[in-house]
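First residue of the sequence shown? That's 7 in this note's numbering, and the numbers climb one at a time after it.
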Amino acid sequence: MNDKKQLSTELKVNFPRQREQLLNILHYVQDKHGYISKDSMLDISNHIKMPVSEIYGTVTSYSEFKIKNPPSKQLKICTGITCINQGNQSLIENIKSRHSINGNLFKNGSINNISIDELDCGFICGVSPMIQINQTMHGRIEINGLKQLLPELFENEQ
Ligand code: FES
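Set out below in structure tokens:
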């Protein structure tokens with residue numbers, strides 16, 4: 007059974023065909039897939055007989071619902087003063103230069119399916135510079151350490 011047919015079947019089994027079920031269904035799809043795709047919205051529309059535009063409007067007005075597949079990994083780079091002084095600024099510049107990014111690295115979106123965000127202070131300043139990959143913090147990280155931890159970030163390295 008393909009994903010599209012599977013969601014239609016799951017909706018039939020788990021949710022009455024009522025407009026009032028919209029938020030319950032959206033939470034179900036978000037939890038199961040990590041986002042609510044266009045195909046999912048079409049299935050939901052068919053199930054509860056609500057226009058896709060209305061479903062889209064609801065999805066985009068709640069911050070907990072995502073319309074894009076989330077990156078598979080999340081990199082946070084500490085931009086606290088200690089980490090910047092200890093080498094994270096050169097880490098940031100290195101990544102920007104490898105991927106030809108001129109502006110703010112943290113406003114660039116994801117790179118190779120890795121989201122990159124800044125972290126104010128990870129509160130492990132004694133082992134700065136630090137980064138966080140998903141839920142794990144890593145201290146005393148420089149570019150070679152980052153390459154070992156996240157080789158996919160450097161895949162299109164020239
Ligand atoms: S400044 Fe980076 S951990 Fe505190």
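Beta carbons are placed, not taken as given, at the ideal position from N, Cα and C, and that holds for glycine.
Proximity to Met47 across Tyr34, Tyr62, Lys38 peaks at Tyr62, based on C-alpha coordinates. The continuous stretches of alpha helix (DSSP H) do not include Ile90, and DSSP gives it neither H nor E. Between Asn100 and Lys79, the alpha-carbon positions lie close to 19 Å from each other. If you look at Glu124, you'll find it isn't in any alpha helix (DSSP H); it sits in the beta strand (DSSP E) that goes 120-125.
The three-state secondary structure of Lys113, taken from DSSP, is helix.
For the 8 Å CB-CB criterion, Met136 and Ile147 form a contact. Boundaries of the alpha helix (DSSP H) around Ile50: 44-54. Just so you know, the alpha carbons of Lys74 and Ile42 end up roughly 7 Å apart. For Gly145 and Ser116, the gap between their C-alpha atoms comes out near 22 Å. Residue environment for Gly86: buried (at least 16 other C-beta atoms within 10 angstroms of its C-beta). In the three-state reduction of the DSSP assignment, His105 falls in the coil class, being assigned neither a helical nor a strand state. In this structure, the beta-carbon distance from Lys82 to Leu125 falls below 8 Å.
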